[in-house]
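Under this note's numbering, residues 24 to 162 are what the sequence shown spells out, in order.
Where a beta carbon is used, it is the ideal one built from N, C-alpha and C, also for glycine.
These numbers come from a predicted model, not from an experiment.
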Amino acid sequence: IRLVMTIKQIGEEIRQIRQRQEVLFQFLAERGLFCNSVYRVERGENYALGTLFRYTYYLNARLTLDGVDMSTAEELGQVLHQRRTEHGQSLRAVAEATGLSERQIIDIEKARGGKVESLERYLDELGARLNVRELNYGA
């Protein structure tokens, strides 16, 4: 059983949220999320992790890690670092298991960049579930 929602599934869910909320591409572009970035997210292609957090923020949505809201890449990185160390997994062990470099893992944990495909492999190794949920204010 795959516990991690794939980046492609997250992109599809984000697209549905954008359409439900009738968010225009112009609104996103005015906030620095241009059409190419939006399309990459919604198609589940590889893109910068920061783009994912910015996009969900502008949609009034949140990424969740095992059901807990993650508002920023920094918060996600801190939780992943804590889980990795609590499980006694070294950077080298995770790197070998995922095919990522130790630098890529550090970049995710320190929110210094990274791509969503790398995050997906890291989450899979930790057995963590990443999802997206729409925030409903006043509902």
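With a minimum length of 4 residues, the unbroken runs of alpha helix (DSSP H) contained wholly in the region 119-151 fall at 125-132, 139-149. Taking C-beta atoms as the reference points, L158 and R43 fail to come closer than 8 angstroms.
Cβ neighbours of G67 within its own chain (closer than 6 angstroms, five residues either side excluded): I30, K31, G34. Taking the C-beta atoms as reference points, G73 is found nearer than 8 angstroms to A96. Take the alpha-carbon of L153 and the one of L146: they are about 8 angstroms apart.
Cβ contact annotation for E148 (same chain, cutoff 7 angstroms, sequence separation greater than five): V117, A120, T121, in chain order. Secondary structure of R107 (DSSP, three-state): helix. T87 carries a strand assignment under DSSP once its states are collapsed to helix, strand and coil. Take the alpha-carbon of L114 and the one of E143: they are about 16 angstroms apart.
Approximately 14 angstroms separates the beta-carbon atoms of Y70 and L51; this is outside 8 angstroms, ruling out the contact. Measuring C-alpha to C-alpha distances from I37 to each of R54, L56, V61, G55 identifies V61 as the nearest.
Per DSSP, the continuous alpha helix (DSSP H) segment holding V61 begins and ends at 58-66.
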